[in-house]
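Protein chains in written order, with the numbering used here: chain A, 26 to 245; chain B, 11 to 258.
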């Protein structure tokens, strides 16, 4: 029997790693989506939003094929000497990044769009370099977008279930996250354990969202 | 034709369509352990033809279906992969007297052709991932655990196990190539050409007797008794045996 905190720790680790990756990769993507006038914008925007609509089983199914030994990603990781990623923590990270992508990119993109051109133009007339305009003007002004994106990305990854169930293999300490642990306990009729984890999730999720609303208000 | 009129025609058509689909007898709802899926598909089709009674079949791990039945899931018949859970339902007054409809066998399966599999395969351990069904809810998963304990490799292989929520997912993990090996039911692989398997000697794990019960929730649906009686006919048993099960 694994200790009860193991799935908790693993879930927090997964959500943290996923959120950091999404903030790093999602920010330039959101900036591009907010600023570009190219015809590819709607195409990329739609692709980014897809996980909102797709059932997790679609993602899980294609990830299994992609990550498998004969899939393109599986071949790549095997070629790099990493083995295949299904049933591993890095595999879950790949799945979570895709799954939570719109929850991070969308709020940041909205915040960038809401800035308009004016603050950046003013900064330009004051001879701020493009990088300085981005980091000293756009990012601070879009901070609520970053906050919302980070919190939603984190929370959505914590709440992930279907994708993990399909590509995780339920390995304690490696892929057995909270949601799967709860499902496992319920199926095995171990309801006392299920209650502890589920009630904990409920309180945690409420606290996160409540705190976000409070902080957002203060930041505005 | 005015558009209002055209609209009303669509309604007439739609209502006709749905009432035609809803006509006929109420389906008999059967909960079936995942290992029995292939056999049940054949048996279900034949039973529907013979009796004219439509079936609605749900597959899952025995433990999951059992938990659902305890919570009032609307099943009329339960084909489990063990004897323990049907017996518990019977003792609680939730089911009729159980009987054994099949005795299953466990195999170690690889989806690829290659060296013959055996106890040595597990002891040497030249693989990364070994798929099993969740031992808590799937009797075939519990049997796999017994085999690994009997061979003294349970502790060593623990970190390589990937657990499917039912034997169907364990099979899928191997079939998709994401795990090299898996403990699955003989019934899942006996009729396919995919890969090869080792039929695990019966002295390494307790026999997997699979019991069926009529559930109390179905009331005394005659169709439930009829289906269970059909499972015991010679024709049905021939199908069950074709999938590698023993009957009686």
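The C-beta atom is built at its ideal place from N, Cα and C for all residues, glycine as well.
Legend entry - Three-pair Cβ contact test at 8 angstroms for the segment 175 to 193 of chain A versus the segment 156 to 165 of chain B: Segments in contact, no.
Inset, instruction - Could you please give the first and the last residue of the uninterrupted alpha helix (DSSP H) stretch that includes residue 221(A)? - result: Here residue 221(A) refers to the residue found at position 196 of the first chain. Residue 221(A) -> alpha helix (DSSP H) spans 216 to 244.
Legend entry - Of the residues 152(A), 224(A), 127(A), 216(A), the one placed nearest residue 48(A), counting alpha carbons only: The sequence position of residue 48(A) within the first chain is 23, counting from 1. Of the candidates 152(A), 224(A), 127(A), 216(A), the one whose C-alpha sits nearest the C-alpha of residue 48(A) is 127(A).
Inset, instruction - Taking 8 angstroms as the threshold, find out whether the segment 69 to 85 of chain A comes into contact with the segment 174 to 188 of chain B through three or more Cβ pairs. - result: No: the two stretches stay apart, fewer than three of their Cβ pairs being nearer than 8 angstroms.
Legend entry - For residue 124(B), the residue or residues it bridges with in DSSP: Residue numbering aside, residue 124(B) sits at position 114 when the second chain is read from its first letter. Residue 124(B) is not bridged to any residue.
Legend entry - Within 8 angstroms, strictly: CB atoms of residue 255(B) and residue 113(B): For this step, residue 255(B) is matched to residue 245 along the second chain. For this step, residue 113(B) is matched to residue 103 along the second chain. By the CB criterion at 8 angstroms, residue 255(B) and residue 113(B) fall inside the cutoff.
Legend entry - Contacts of residue 138(B) in chain A (Cβ-Cβ under 7 angstroms): As a first step, residue 138(B) is located in the second chain; it is residue number 128 there, counting from the start. For residue 138(B), the chain A residues whose Cβ falls inside 7 angstroms of its Cβ are 108, in order along the chain.
Inset, instruction - Answer yes or no: does any C-beta atom of chain A fall closer than 8 angstroms to that of residue 246(B)? - result: Looking up residue 246(B) in the second chain gives position 236. Chain A contact via Cβ: absent.
Legend entry - Whole-number beta carbon distance between residue 193(B) and residue 142(B), since they are thought to touch under 8 angstroms: Residue 142(B) sits at position 132 when you count from the first residue of the second chain. Residue 193(B) sits at position 183 when you count from the first residue of the second chain. With a Cβ gap of about 5 angstroms, residue 142(B) and residue 193(B) count as contacting.
Inset, instruction - Flag this pair as yes or no: are the beta carbons of residue 91(B) and residue 212(A) separated by less than 8 angstroms? - result: Along the second chain, read from residue 1 onward, the residue named residue 91(B) stands at position 81. Along the first chain, read from residue 1 onward, the residue named residue 212(A) stands at position 187. No, Cβ-Cβ distance for residue 91(B) and residue 212(A) is not below 8 angstroms.
Inset, instruction - Assess, as a yes-or-no matter, whether the segment 196 to 209 of chain A is touched by the segment 114 to 131 of chain A under the definition of 3 or more beta carbon pairs within less than 8 angstroms. - result: Contact between the segment 114 to 131 of chain A and the segment 196 to 209 of chain A is present, because at least three Cβ pairs lie under 8 angstroms.
Inset, instruction - To the nearest angstrom, report how far apart residue 74(A) and residue 108(B) are at their CA atoms. - result: In the first chain, the residue the question calls residue 74(A) occupies position 49. In the second chain, the residue the question calls residue 108(B) occupies position 98. In a straight line, the C-alpha of residue 74(A) is about 51 angstroms away from that of residue 108(B).
Legend entry - Contact list for the segment 34 to 49 of chain A against chain B, Cβ threshold 8 angstroms: Listed in sequence order: no entries.
Legend entry - In DSSP terms, what residue 119(B) is bridged to: Within the second chain, residue 119(B) is the residue found at index 109, counting from 1. Answer is 192(B), 207(B).
Inset, instruction - Using 10 angstroms around the beta-carbon of residue 175(B), count the other beta-carbons present and answer buried if the total reaches 16, otherwise exposed. - result: The sequence position of residue 175(B) within the second chain is 165, counting from 1. Residue environment: residue 175(B) is assigned as buried (16 or more neighbouring CB atoms within 10 Å of its CB, all protein chains considered).
Legend entry - Which listed residue (177(A), 157(A), 119(A)) has its alpha carbon closest to that of residue 238(A): Residue 238(A) sits at position 213 when you count from the first residue of the first chain. Sorting 177(A), 157(A), 119(A) by C-alpha distance to the C-alpha of residue 238(A) places 177(A) at the top.
Legend entry - Own chain partners of residue 235(B) with C-beta closer than 7 angstroms, once the 5 adjacent residues on each side are dropped: The residue labelled residue 235(B) in the question sits at position 225 within the second chain. Around residue 235(B): 224.
Legend entry - residue 31(B) in three-state terms, based on DSSP: For the purposes of this step, residue 31(B) is identified with residue 21 of the second chain, where counting begins at 1. At residue 31(B) the pLDDT is 48, less than 50, meaning the model places this residue with poor confidence; the figure from the coordinates comes in the next sentence. Residue state, collapsed to three classes: helix.
Legend entry - Cutoff 8 angstroms; reference residue 156(B); Cβ partners in own chain excluding five residues on either side: Position 146 of the second chain holds residue 156(B). If you ignore the 5 residues before and after residue 156(B), its C-beta comes within less than 8 angstroms of the C-beta of 214, 215, 216, all in its own chain and listed in chain order.
Inset, instruction - Could you list which residues in chain A have their beta carbon closer than 7 angstroms to that of residue 66(B), in chain order? - result: Counted from its first residue, the second chain places residue 66(B) at position 56. The contacting residues do not exist; residue 66(B) stays about 21 angstroms from chain A at best.
Legend entry - Same chain, Cβ closer than 8 angstroms to residue 241(A), five either side skipped, listed in chain order: Locating residue 241(A) in the first chain gives position 216, counting from the first residue. Correct list, in chain order: 169, 172, 173.
Legend entry - Three-way DSSP call (helix, strand, coil) for residue 253(B) in this model: Taking the second chain and counting its residues from 1, the one referred to as residue 253(B) is at position 243. Residue 253(B) falls in the coil class under three-state DSSP.
Inset, instruction - Please check if any C-beta of chain B sits within less than 8 angstroms of the C-beta of residue 207(A). - result: One-based indexing of the first chain puts residue 207(A) at position 182. For residue 207(A), the answer is no, since every Cβ of chain B falls outside 8 angstroms of its Cβ.
Legend entry - Contact set for residue 92(A): own chain, Cβ-Cβ below 8 angstroms, skip 5 residues either direction: Position 67 of the first chain, counting from 1, holds the residue named residue 92(A). 98, 99, 102, 109, 110, 111, 116, 119, 192.
Legend entry - First through last residue of the beta strand (DSSP E) which encompasses residue 219(B): Counting from one through the second chain, the residue named residue 219(B) turns up at place 209. Per DSSP, residue 219(B) belongs to the beta strand (DSSP E) from 218 to 224.
Inset, instruction - State yes or no: is the beta carbon of residue 70(A) nearer than 8 angstroms to at least one beta carbon in chain B? - result: Here the question's residue 70(A) lines up with position 45 in the first chain. Cβ-Cβ to chain B under 8 angstroms: no for residue 70(A).
Inset, instruction - Check each residue of the segment 85 to 98 of chain A: if its Cβ is closer than 8 angstroms to any Cβ of chain B, include it; give the result in chain order. - result: Of all residues in the segment 85 to 98 of chain A, only 89, 90, 92, 93, 94, 95 place a beta-carbon less than 8 angstroms from a beta-carbon of chain B.
Inset, instruction - Starting from the Cα of residue 94(B), find the closest Cα among 81(B), 179(B), 178(B), 110(B) and give me that residue. - result: Translated into the one-based positions of the second chain, residue 94(B) becomes position 84. Measuring from the Cα of residue 94(B), the nearest candidate turns out to be 110(B).
Legend entry - Separation of residue 236(A) from residue 244(A), as counted between CA atoms: As a working note, residue 244(A) is residue 219 in the first chain. As a working note, residue 236(A) is residue 211 in the first chain. Whole-angstrom Cα-Cα distance: 12 angstroms.
Inset, instruction - Taking all protein chains shown into account, decide if residue 39(B) is buried (16 or more other Cβ within 10 angstroms of its Cβ) or exposed. - result: By 1-based counting over the second chain, the position of residue 39(B) is 29. With 16 or more neighbouring CB atoms inside 10 Å of its own CB, residue 39(B) falls in the buried class.
Inset, instruction - Please decide whether residue 77(B) counts as near chain A, where near means a Cβ-Cβ distance under 8 angstroms. - result: Here residue 77(B) refers to the residue found at position 67 when the second chain is read from its first residue. Yes, contact with chain A.
Legend entry - residue 200(B) (DSSP reduced to helix, strand or coil): Start at 1 with the first residue of the second chain, and residue 200(B) comes out as number 190. When secondary structure is reduced to three states using DSSP, residue 200(B) falls in the coil class, being assigned neither helix nor strand.
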